[in-house]
Amino acid sequence: MPRATTNRGFSLIEVLIVIGIFSVLMAAVSVTFSTQVRHGSREYRIGESEVELGIVKSLLERDIALAGYGLADDYGTTGFSPRSVQRQTGPNALILMGTALGLNDRFGAPLHWTYATAVAPTFKVWGDSREDLLANDRVILIEPNTEQILTQGATTPWKFQYNGSGSNLRDAGGTVWASPTIGTLVYGVDPGATQPFATVTYSLSTANLPSNCATGTSNLERAESWGGAATTIPLLACTLSLQTAFGLDTNKDGAIDLWDTNAGAVASGYSQATLAERLKQVRVYLLVQIGNRDASYTYPAATVRVGDALLGAGTGADVALNAEQRRFRWRIVSIDVTPRNVR
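The opening residue of the sequence shown carries number 314 in my numbering; numbering runs sequentially from there.
Here you go:
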């Protein structure tokens, strides 16, 4: 018996139902995909921030630990009066000084030093390229007992040329060192230095701030100078606050009894020799943006203590966040370092 045939297709209602179901499914997929993309982007940016923070912390810890290395207690008539550490306000900045602070490790400065073992003179060779000076390196000389910088000649009288472990030094004018003494300390410096130590400044700047940073933030920058124009590099974007504090032993009993936070007011009154005796710790606090703006997020606190309210009379400062800034995640980075070059 022949099968009945029909020309009937899908009704409009059936088509609309299918389209509706398909649209709902696609919308769900789209929402899920968008959520995953936003989550992935946020996690990527947070991870990127964590890596940057690790690098900056390592660099700050290194510089603070080496502050004061190669500094004399007495610079005589040279006109220099460096301090291992200084704090500046308006804007806040941390200033470090010493001969081992240069990032370029092969111009005869960072950690390269020796001392005179004989009046011939002869200089100690360590057998370690990280410490040994090379012929033609520029150096400064420090008398080991008085810790006074030694000078000779009229042009940059504090700068000498090292000519090898068994050769005499020469001053900037080419004259041999006239009074070599056993024990004289010899520290390498930058060949183009116009001061006998490097100065490194950590400060905040709004120059070239990335567009994803919250309003009111800045770049944390590191500026390095040997007396001439500073070489400045941005280290950490989206930094809202930089605070510092110095732990001082004012009565010389070996323990910190004062946290100096008011622009380093107490420490700034010390000579370099006194500062080297009394400085026991340097603390740095940063308030840093983590990730990008998140419209669905509100930072839980309207005011953040960038410091430690319970340390001494309190270190750091309270930073107020406005409504827009609270759409960002924030982290307080705390760094505490004991400089190696203290007594």
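Idealized CB from N, CA, C, for every residue including glycine.
If you're wondering where the values come from, they're calculated on a predicted model, not measured in any experiment.
I need the DSSP call for D376, collapsed to helix, strand or coil.
What you label residue 376 is simply residue 63 of the sequence shown in a count that begins at 1. Correct three-state label for D376: helix.
Which of the three DSSP states, helix, strand or coil, is assigned to V579?
Position 266 of the sequence shown, counting from 1, holds the residue named residue 579. If DSSP states are grouped into helix, strand and coil, V579 belongs with coil.
Leaving out five residues before and five after R644 in sequence, what residues of the same chain have Cβ atoms less than 7 Å from its Cβ?
Taking the first residue of the sequence shown as 1, we reach residue 644 at position 331. Within the same chain, R644 has close Cβ partners V601, I603.
Can you tell me whether I368 is buried or exposed? The criterion is at least 16 other CB atoms within 10 Å of its CB, across all chains shown.
Numbered from 1 along the sequence shown, position 55 holds the residue referred to as residue 368. Exposed: under 16 other Cβ atoms inside 10 Å.
Would T530 be called buried (16 or more neighbouring beta carbons within 10 Å of its own) or exposed?
Along the sequence shown, one-based indexing puts residue 530 at 217. Flag for T530 reads buried.
Going straight from the alpha carbon of G421 to that of V499, what length do you get?
Position 108 of the sequence shown holds residue 421. Position 186 of the sequence shown holds residue 499. Confidence at G421 is low in this model, with a pLDDT of 45, below 50, so the placement of that residue should be treated as unreliable; the coordinate-derived value is given next. Their Cα atoms are separated by approximately 11 Å.
Using CA atoms only, rank isn't needed, just tell me which of A341, S478, L624 is closest to V438.
In the sequence shown, residue 438 corresponds to position 125, counting from 1. Among A341, S478, L624, the Cα nearest to that of V438 is on S478.
Any idea what DSSP makes of R640, helix, strand or coil?
In the sequence shown, residue 640 corresponds to position 327, counting from 1. Helix at R640.
What number of angstroms, rounded off, separates the C-alpha of G560 from the C-alpha of G381?
Numbered from 1 along the sequence shown, position 247 holds the residue referred to as residue 560. Numbered from 1 along the sequence shown, position 68 holds the residue referred to as residue 381. One C-alpha to the other measures close to 16 Å.
So, Q638 versus Y598, is the Cβ gap smaller than 8 Å?
What you label residue 638 is simply residue 325 of the sequence shown in a count that begins at 1. What you label residue 598 is simply residue 285 of the sequence shown in a count that begins at 1. The answer is no: Cβ separation not under 8 Å.
Considering only their Cβ atoms, is the gap separating K565 from T651 smaller than 8 Å?
Along the sequence shown, read from residue 1 onward, the residue named residue 651 stands at position 338. Along the sequence shown, read from residue 1 onward, the residue named residue 565 stands at position 252. No. Outside cutoff.
Tell me the rounded alpha-carbon separation between L634 and W572.
Residue numbering aside, residue 634 sits at position 321 when the sequence shown is read from its first letter. Residue numbering aside, residue 572 sits at position 259 when the sequence shown is read from its first letter. Computed Cα separation, rounded: 26 Å.
Cα-Cα, which of L549, G415, I455 is closest to Y428?
For the purposes of this step, residue 428 is identified with residue 115 of the sequence shown, where counting begins at 1. It is I455.
So for G421, helix, strand or coil by DSSP?
Along the sequence shown, one-based indexing puts residue 421 at 108. Below a pLDDT of 50, predicted positions are generally treated as unreliable, and G421, at 45, falls in that range; no measurement from the model is reported.
Over what stretch of residues does the alpha helix (DSSP H) that includes R591 continue unbroken?
Position 278 of the sequence shown, counting from 1, holds the residue named residue 591. Looking at the DSSP string, the run of the alpha helix (DSSP H) that includes R591 is 585-591.
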